[in-house]
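Just so we're aligned, residue 1 is where the sequence shown starts under my numbering, counting upward by one.
Glycine included, each C-beta is placed from N, C-alpha and C at the ideal position.
Owing to the predicted nature of the structure, the values given are computational and were not obtained by experimental measurement.
Inspection log for the structure reproduced underneath, given as structure tokens.
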Amino acid sequence: MTRIEDATHELGAAEPSGGLSKSVRWERMLALLADRRRLSVTEVAELFGTSESTVRRDFDQMADRQLAHRTHGGIVAASVAYGLPGRYGKQLDDRQRLAEAAAHLVTQRHADQAVIGFNGGRTTTLVAKALGELSDQGSEHAARNGEHVYTIVTSALNIAAELVLRPQLRTVCLGGTARAQSYELTGPLAVSMARTLWLDVLVLGMVGIDAQAGLTCGDPDEAGVTSALVEHSRHVIAVGTSDKVGERSFAQICDISRITTLVTDSGATEEQLAPLRDAGVEVIVV
């Protein structure tokens, strides 16, 4: 049994609250946590129709079982591989596979000392981590020559924190106002700084990719910063699970013509991918 299966098995079907048993409530909370990386007491109470005191107890017990880290007013995801049921576990596996493929693509196509950019998001965070691990292979040579394997530019605080301790990488984090939901830095300062930097390749996550709408996300402020990075990038690699293909969200990041490559999983149909290929996007299915 996974850690989550152990926990929910022990909880059983007792203690119904808001129409949900405790085991079902936990399963859904942990699925949300894996997706969003952080949850607040207020949002979970409203979502499940449960009292805030019940949610606080749930959060405390999850922290005791090392399924999450407790924060003031909520929880954040623990560094564990959640054994989530059904589509949640598959989606995490898909993201990890895409991330590794994208990281290898970057190292194969871009020489040492390239400048590589990342916007924020779950998938791009995994790509950045995979790239950091791959860069370890060239770290000794770089150290001997006083060089960096890559320069990383990112609008996401968590990606900067992930990579800054690797001495073979030079990490540049944009300024701006941090968003708690995504760790991304936004606002005029972030846009202004992005426009002073030139990137060899930019790795992008998104909410949707569509031949007509281009790349889109749900937040105009995040879109504005990412768009500025796109404008100053030679190559742009979009990385996203197949459920993003053919979808569009509220705010456009860039036109489809700015995308060099899309890395996605086999869940996308040829009918969905054909318009992207026709628009000149290289599509890599892993």
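On the DSSP bridge assignment, give the partners of residue i in chain order.
{"i": "isoleucine 159", "result": "Its beta-bridge partners do not exist; DSSP assigns none."}
{"i": "arginine 189", "result": "Correcting the residue type first, residue 189 is leucine in the shown sequence and not arginine. For leucine 189, which the question treats as bridged, DSSP gives no partner whatsoever."}
{"i": "histidine 69", "result": "Val76"}
{"i": "alanine 211", "result": "None; alanine 211 has no bridge partner."}
{"i": "glutamate 184", "result": "Ala156"}
{"i": "serine 40", "result": "Gly74"}
{"i": "alanine 274", "result": "According to DSSP, alanine 274 bridges with nothing at all."}
{"i": "leucine 30", "result": "According to DSSP, leucine 30 bridges with nothing at all."}
{"i": "leucine 262", "result": "Ala238, Val283"}
{"i": "arginine 170", "result": "Thr151"}
Provide the residue span of the beta strand (DSSP E) that contains residue i, from first to last.
{"i": "serine 233", "result": "233-239"}
{"i": "valine 203", "result": "199-204"}
{"i": "glycine 117", "result": "114-118"}
{"i": "glutamate 282", "result": "282-285"}
{"i": "threonine 295", "result": "Within the shown structure, residues of the chain are numbered from 1 to 286, placing residue 295 beyond reach of any answer."}
To the nearest angstrom, report how far apart residue i and residue j are at their CA atoms.
{"i": "threonine 260", "j": "leucine 202", "result": "10 Å"}
{"i": "alanine 180", "j": "threonine 186", "result": "11 Å"}
{"i": "alanine 13", "j": "leucine 229", "result": "Legend: pLDDT at alanine 13 = 38, less than 50; position of this residue unreliable, value from coordinates given subsequently. Roughly 49 Å separates the two Cα atoms."}
{"i": "threonine 177", "j": "valine 191", "result": "11 Å"}
{"i": "threonine 54", "j": "methionine 29", "result": "13 Å"}
{"i": "glycine 74", "j": "aspartate 278", "result": "46 Å"}
{"i": "leucine 215", "j": "proline 167", "result": "33 Å"}
{"i": "isoleucine 256", "j": "glutamate 184", "result": "23 Å"}
{"i": "glycine 218", "j": "glutamine 66", "result": "31 Å"}
{"i": "arginine 44", "j": "arginine 36", "result": "This sequence places valine at residue 44; arginine is not what is there. Rounded to whole angstroms, valine 44 to arginine 36 spans 12 Å at the Cα level."}
{"i": "methionine 62", "j": "alanine 68", "result": "6 Å"}
{"i": "methionine 206", "j": "alanine 223", "result": "9 Å"}
{"i": "glutamate 27", "j": "isoleucine 284", "result": "33 Å"}
{"i": "isoleucine 253", "j": "alanine 274", "result": "21 Å"}
{"i": "alanine 289", "j": "serine 227", "result": "Because the chain in this structure spans residues 1 to 286, residue 289 falls outside the shown range and cannot be described."}
{"i": "threonine 241", "j": "alanine 99", "result": "10 Å"}
{"i": "lysine 22", "j": "arginine 57", "result": "11 Å"}
{"i": "valine 172", "j": "valine 239", "result": "21 Å"}
{"i": "threonine 264", "j": "glutamate 247", "result": "13 Å"}
{"i": "leucine 204", "j": "valine 24", "result": "34 Å"}
{"i": "phenylalanine 118", "j": "threonine 154", "result": "5 Å"}
{"i": "alanine 268", "j": "arginine 122", "result": "19 Å"}
{"i": "arginine 95", "j": "glutamate 52", "result": "32 Å"}
What is the residue span of the alpha helix (DSSP H) that residue i lies within?
{"i": "glutamine 61", "result": "52-64"}
{"i": "glutamine 252", "result": "Per DSSP, glutamine 252 belongs to no alpha helix (DSSP H); it is in the beta strand (DSSP E), 251-254."}
{"i": "leucine 174", "result": "Neither: leucine 174 is in no alpha helix (DSSP H) and is coded neither H nor E."}
{"i": "leucine 20", "result": "Looking at the DSSP string, leucine 20 is not in any alpha helix (DSSP H), and its letter there is neither H nor E."}
{"i": "threonine 125", "result": "122-135"}
So is residue i in contact with chain D if we call contact Cβ pairs under 8 Å?
{"i": "valine 55", "result": "Judged by its chain identifiers, the structure shown contains no chain D, having just a single protein chain."}
The segment 231-238 contacting the segment 188-199, beta-carbon criterion three pairs below 8 Å: Yes: the two stretches touch, three or more of their Cβ pairs being nearer than 8 Å.
Stretch pair the segment 123-140 + the segment 98-110: three plus CB contacts closer than 8 Å: Contact between the segment 123-140 and the segment 98-110 is present, with at least three C-beta pairs closer than 8 Å.
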